[in-house]
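A.B. asks: Going by numbering that gives the first Met the number 0, the sequence shown opens with residue 0, and the numbers climb by one from there. Cβ coordinates follow ideal geometry from the N, Cα and C atoms, glycine included. Provided herewith is a single structure, encoded as structure tokens, for subsequent inquiry.
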Amino acid sequence: MNDRHVVAESAAAVAVPEAVSALDGTGRGPSRRRAALGPVALVVAGGLSVQFGAAVAVLLMPKAGALGVVTLRLAAAAVVMLVVCRPKLRGHSRADWGTVVAFGIAMGGMNTLFYQAADRIPLGAAVTLEVLGPLVLSVVASRRLISLVWAALALGGVVLLSGGGFDRLDPVGVAYALGAGVMWAVYILFSARTGRRFPQADGLALAMVVAAALSLPLGIMESGSKLVVPSTLGLGIAVALLSSVLPYTLELMALRRLPAPTFAVLMSLEPAIAATAGFLILDQALSTTDALAIALVIGASMGAVRSQTRGPRKR
0 MNDRHVVAES AAAVAVPEAV SALDGTGRGP SRRRAALGPV ALVVAGGLSV
50 QFGAAVAVLL MPKAGALGVV TLRLAAAAVV MLVVCRPKLR GHSRADWGTV
100 VAFGIAMGGM NTLFYQAADR IPLGAAVTLE VLGPLVLSVV ASRRLISLVW
150 AALALGGVVL LSGGGFDRLD PVGVAYALGA GVMWAVYILF SARTGRRFPQ
200 ADGLALAMVV AAALSLPLGI MESGSKLVVP STLGLGIAVA LLSSVLPYTL
250 ELMALRRLPA PTFAVLMSLE PAIAATAGFL ILDQALSTTD ALAIALVIGA
300 SMGAVRSQTR GPRKR
């Protein structure tokens, strides 16, 4: 079985039984539409939380360093998730543990690579490059031609938001951002699998512990005692709540009812959200070109959602 089949089957397996009744045409009118659009609202809310949290993290980097910020974010998030979820450690198979460990590795790698990129290139450019990973996933996993059209439109917006090219950016930062995009695509797939194998957010809490354990030595090596300065620690906790606990929980809930290709195209909203967060928090002004790019990615996302809600009704 080739990689395309693996990705397509993983994407198709995301939907769980309780979502089928909302999308198979058995419901009627507004209630069915609300059930279909509910997961979309969760994804958008998660995106807002992530990008505003990332803007706060950029403000924190001069105090704690990029790796230190990752450590604070993941460690604080892991503690919060363990306290809130209290996940059970018994009763899980070896495959369950393998899935949650892979999810944690993807989560840790995505965060580490992204903050390394944000430390070298502007936040909007870093997110624009990172979102290419989910966009590629949406193209590979899609089985409908219209999904390719919306993905292409979103990709056009991403390119436009970059200013037409990335040649003026730090090449190391670009490489880190692209690597984060790859890990983001892996995160999408393993987040869905974890959601199916573990109840509530138990799998997310355990994966967060794995990610925090991987990042802790790196953060200590780079920042040391700076991590426990009260002001730094407080901002780190805020970043953890905004960028990890809230959005990952929302996305995990969404992926239980939303196909992975649609979720991946919705991730094209991230550059637009990042540009808004950069404008409001980091004083990064938006140009006319940026506004047009935002309109493109929003239009592509709306088209993808409309296709998803109409497709099952027609079938």
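Tell me the DSSP secondary structure of V171 in three-state form.
C.D. replies: By 1-based counting over the sequence shown, the position of residue 171 is 172. The answer is helix: DSSP assigns V171 an H, G or I state.
A.B. asks: If you draw a straight line from the alpha carbon of L295 to that of A274, how long is it in whole angstroms?
C.D. replies: Counted from its first residue, the sequence shown places residue 295 at position 296. Counted from its first residue, the sequence shown places residue 274 at position 275. So the two alpha carbons sit approximately 14 angstroms from each other.
A.B. asks: Starting from P216, trace the alpha helix (DSSP H) both ways and give me its first and last residue.
C.D. replies: Translated into positions along the sequence shown, residue 216 becomes position 217. Taken as a continuous stretch (DSSP letters only), the alpha helix (DSSP H) holding P216 covers 201-222.
A.B. asks: Pick helix, strand or coil for I120, following the three-state DSSP scheme.
C.D. replies: The sequence position of residue 120 within the sequence shown is 121, counting from 1. Note: I120 maps to coil in three-state DSSP.
A.B. asks: Leaving aside the five residues before and after L210 along the sequence, list all residues of the same chain whose C-beta is less than 8 angstroms from its C-beta, in chain order.
C.D. replies: Numbered from its first residue, the sequence shown carries residue 210 at position 211. In the sequence as presented, Leu is not what sits at residue 210; that position holds Ala. Excluding positions up to five away in sequence, the list reads L73, A77, G103, I104, M106, G107, N110.
A.B. asks: What's the call for D118, buried or exposed, on a 16-neighbour Cβ count within 10 Å?
C.D. replies: Start at 1 with the first residue of the sequence shown, and residue 118 comes out as number 119. When all chains shown are included, D118 counts as buried.
A.B. asks: Using alpha carbons as the reference points, say which of T231, D282, L281, P246 lies closest to L59.
C.D. replies: The residue you call residue 59 lines up with position 60 of the sequence shown. Of the listed residues, the one whose Cα sits closest to L59 is T231.
A.B. asks: Between which two residues does the alpha helix (DSSP H) holding V227 run?
C.D. replies: Translated into positions along the sequence shown, residue 227 becomes position 228. Unbroken run through V227: none, as it is neither H nor E.
A.B. asks: So what's K62 in DSSP terms, helix, strand or just coil?
C.D. replies: In the sequence shown, residue 62 corresponds to position 63, counting from 1. In this structure, K62 counts as helix in the three-state DSSP scheme.
A.B. asks: Just the Cα atoms here: how many angstroms apart are G277 and A176?
C.D. replies: Here residue 277 is taken as the residue at index 278 of the sequence shown, counted from 1. Here residue 176 is taken as the residue at index 177 of the sequence shown, counted from 1. The straight-line gap from Cα to Cα measures roughly 17 angstroms.
A.B. asks: Would you tell me roughly how many angstroms separate the C-alpha atoms of A153 and V135, rounded to the nearest one?
C.D. replies: Within the sequence shown, the letter at position 154 stands for residue 153. Within the sequence shown, the letter at position 136 stands for residue 135. Spanning the two alpha carbons is a distance of roughly 11 angstroms.
A.B. asks: Given a cut-off of 8 angstroms on the beta-carbon distance, is the pair V99 and A206 in contact?
C.D. replies: The residue you call residue 99 lines up with position 100 of the sequence shown. The residue you call residue 206 lines up with position 207 of the sequence shown. Going by C-beta atoms, V99 is nearer than 8 angstroms to A206.
A.B. asks: Starting from F278, trace the alpha helix (DSSP H) both ways and give me its first and last residue.
C.D. replies: Here residue 278 corresponds to residue number 279 of the sequence shown, with the count starting at 1. Per DSSP, F278 belongs to the alpha helix (DSSP H) from 269-280.
A.B. asks: Got a sec, what are the start and stop residues for the alpha helix (DSSP H) P246 sits in?
C.D. replies: One-based indexing of the sequence shown puts residue 246 at position 247. P246 -> alpha helix (DSSP H) spans 245-254.
A.B. asks: Going along the chain, which residues of its own chain have a beta-carbon closer than 6 angstroms to the beta-carbon of L265, five neighbours each way excluded?
C.D. replies: The count along the sequence shown starts at 1 and reaches residue 265 at position 266. The answer, listed in chain order, is V42, S300.
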